[in-house]
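A.B. asks: Quick one: the structure is below, and I'll ask about it shortly.
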Amino acid sequence: MALRILLTNDDGVDAPGLAVMAEIARALSDDVWIIAPDGNQSGAGHRFSFGRELSYIEHGPRRFAVKGGSPADCVVAGMTHLLGDKPADLVLSGVNAGQNLGDIVNCSGTAAGAREGALQGAIGIAMSQSMDYEITHNPDWANAARFGAEVVDAILAAHGNDDVFYNVNFPFCGPTEVTGLSAVAHQRFSRSPIRYYPSDNEGEFFMAIPETPLPLDPEADFETLCRGNAITVTPFGLQQTHRGALQRLGQIALKQR
């Protein structure tokens, strides 16, 4: 049976990375649906638009834009309504313009699209094409286009009944320089890299990532992607309970009053 694939992203329905993802998906299946935000939702994380009405616009067969919706909104609309009584087997989110590494995954709308796909019962895979922002803000999609379908096939072959979603990053280099596919942990930064960043306009400011916290684990996603030119894949658990802390908390009791 052919895979039913749902695509979303956080860069918007007309983003070039989504067109790349559509080519990746169509190399795997003829049953491909696109349900994406109507505009940029970068940094939206796993936000849902509770308490306000949403609507969608049909841009063509199996292609929809959700007005004002987040990636998570789009996945839910697809999995519970637009795809009818046959939800997707695979949710692909991206291809994002820029890497999603380390703790930044926590605020990534791209990652949230894959996470919500997994929470809805599909296999969820987020994909991002890295950039060197000191050189350009326009990604070269060659590695995502060249290796994307092969990476998805590899993940599907390795996927068990794991309660996970997957985060993939393609390196900033030529396709002939890619060193392979590396399964790695995500980089837990010593502190969040997100900071207040002043604007040139008085009284205004940005939330931005002006620097990468150090030290970095040479075997985690950041260094493996940026220094090793490998495609990285990281499985993230949907069950987030920290078992060690749970055990310690289970041993405490309130003092008798």
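Take the sequence shown: its position 52, counted from the start at 1, is 99 in this note's numbering, and no numbers get skipped.
C-beta atoms are modelled at their ideal positions from N, C-alpha and C, and glycine is treated no differently.
Mark P245 as exposed unless 16 or more other C-beta atoms lie within 10 angstroms of its C-beta, in which case mark it buried.
C.D. replies: Translated into positions along the sequence shown, residue 245 becomes position 198. Around the beta carbon of P245, fewer than 16 other beta carbons sit within 10 angstroms, so the residue counts as exposed.
A.B. asks: Take the Cβ of H233 as the centre, count every other Cβ of all protein chains shown within 10 Å, and call the residue buried at 16 or more, exposed below.
C.D. replies: Here residue 233 refers to the residue found at position 186 when the sequence shown is read from its first residue. Label assigned to H233: buried.
A.B. asks: Spatial neighbours of N153 within its chain, please: C-beta separation below 8 Å, excluding the five flanking residues on both sides.
C.D. replies: To locate residue 153, count along the sequence shown from 1; it is residue 106. Result list for N153: G92, in chain order.
A.B. asks: Quick one: give me the first and last residue of the alpha helix (DSSP H) that D120 is part of.
C.D. replies: Residue numbering aside, residue 120 sits at position 73 when the sequence shown is read from its first letter. It spans 118-124 - the alpha helix (DSSP H) in which D120 sits, taken as one unbroken run.
A.B. asks: With DSSP run on the structure shown, which of helix, strand or coil describes D247?
C.D. replies: Residue numbering aside, residue 247 sits at position 200 when the sequence shown is read from its first letter. Note: D247 maps to coil in three-state DSSP.
A.B. asks: Look at the alpha carbon of N56 and the alpha carbon of P186, and state the distance between them as a whole number of angstroms.
C.D. replies: Indexing the sequence shown from 1 puts residue 56 at position 9. Indexing the sequence shown from 1 puts residue 186 at position 139. N56 and P186 have their C-alpha atoms some 16 Å from each other.
A.B. asks: In chain order, which continuous runs of the alpha helix (DSSP H) of length 4 or greater are located wholly inside the stretch 157-226?
C.D. replies: 189-205
A.B. asks: Can you give me the Cβ contacts of M174 inside the same chain, cut-off strictly under 6 Å, excluding the 5 residues immediately before and after it?
C.D. replies: Looking up residue 174 in the sequence shown gives position 127. Closer than 6 Å at Cβ, skipping near neighbours: G141, V142, V215.
A.B. asks: Enumerated in chain order, which unbroken segments of the alpha helix (DSSP H) with a length of 4 residues or greater are wholly contained in the stretch 63-134?
C.D. replies: 63-73, 118-124
A.B. asks: Short check: CB of L148 to CB of L50, under 9 Å?
C.D. replies: Your numbering for residue 148 matches position 101 in the sequence shown. Your numbering for residue 50 matches position 3 in the sequence shown. In this structure, L50 does not lie closer than 9 Å to L148 by Cβ.
A.B. asks: Between which two residues does the beta strand (DSSP E) harbouring L54 extend?
C.D. replies: The residue labelled residue 54 in the question sits at position 7 within the sequence shown. Note, L54: beta strand (DSSP E), 51-55.
A.B. asks: Would you call the stretch 94-104 in contact with the stretch 114-121, where contact means no fewer than 3 C-beta pairs closer than 8 Å?
C.D. replies: In the pairwise beta carbon analysis, the stretch 94-104 is classified as touching the stretch 114-121: at least three pairs are separated by under 8 Å.
A.B. asks: So the beta strand (DSSP E) G145 belongs to, where does it begin and stop?
C.D. replies: To locate residue 145, count along the sequence shown from 1; it is residue 98. Following the DSSP letters along the chain, one finds G145 in no beta strand (DSSP E), marked with neither H nor E.
A.B. asks: What does DSSP give as the partner residues of N300 in its beta bridges?
C.D. replies: If you number the sequence shown from 1, residue 300 lands on position 253. Note that residue 300 corresponds to Ala in the displayed sequence, not to Asn. Bridge partners of A300: none, in fact.
A.B. asks: Give me the residue from G164, L293, W188 with the minimum Cα distance to C220.
C.D. replies: Indexing the sequence shown from 1 puts residue 220 at position 173. Answer by Cα proximity: W188.
A.B. asks: Just the C-alpha distance for E70 and F283, rounded to the nearest angstrom, thanks.
C.D. replies: As a first step, residue 70 is located in the sequence shown; it is residue number 23 there, counting from the start. As a first step, residue 283 is located in the sequence shown; it is residue number 236 there, counting from the start. Distance between the alpha carbons of E70 and F283: 25 Å.
A.B. asks: Measure the C-alpha to C-alpha separation of S39 and E251 and round it to an integer number of angstroms.
C.D. replies: Residue 39 cannot be examined here, being either before or after the span of the chain that is shown, 48 to 304.
A.B. asks: For I172 versus V199, is the C-beta spacing smaller than 9 Å?
C.D. replies: The count along the sequence shown starts at 1 and reaches residue 172 at position 125. The count along the sequence shown starts at 1 and reaches residue 199 at position 152. Result yes, Cβ atoms of I172 and V199 sit closer than 9 Å.
A.B. asks: For V67, I'd like the list of residues in its chain whose CB is within less than 6 Å of its CB, leaving aside the five on either flank, ordered along the chain.
C.D. replies: For the purposes of this step, residue 67 is taken as the residue at position 20 of the sequence shown. Answer for V67: V142, W188, A191, A192, listed in chain order.
A.B. asks: Does the stretch 249-267 come close enough to the stretch 297-304 to have 3 or more Cβ pairs within less than 8 Å?
C.D. replies: no
A.B. asks: Output the boundary residues of the beta strand (DSSP E) element that contains T281.
C.D. replies: Taking the first residue of the sequence shown as position 1, residue 281 is located at position 234. First-last of the beta strand (DSSP E) with T281: 278-284.
A.B. asks: Output needed for F212: all residues of its chain with C-beta closer than 6 Å, excluding positions within five of it in sequence on either side, in chain order.
C.D. replies: Sequence index remark: in the sequence shown, residue 212 carries index 165 (1-based). The answer, listed in chain order, is A161, R162, A165, G171, F283.
A.B. asks: Considering only residues of the same chain and omitting the five flanking positions on each side of F95, which have a CB-CB separation below 8 Å?
C.D. replies: If you number the sequence shown from 1, residue 95 lands on position 48. S117, A119, D120, V123.
A.B. asks: Please return the same chain residues whose Cβ sits closer than 8 Å to the Cβ of D85, not counting the five positions on each side in sequence.
C.D. replies: Translated into the one-based positions of the sequence shown, residue 85 becomes position 38. Taken in chain order, the residues that qualify are G59, V60, I104, A112, V113, K114, G115, G116.
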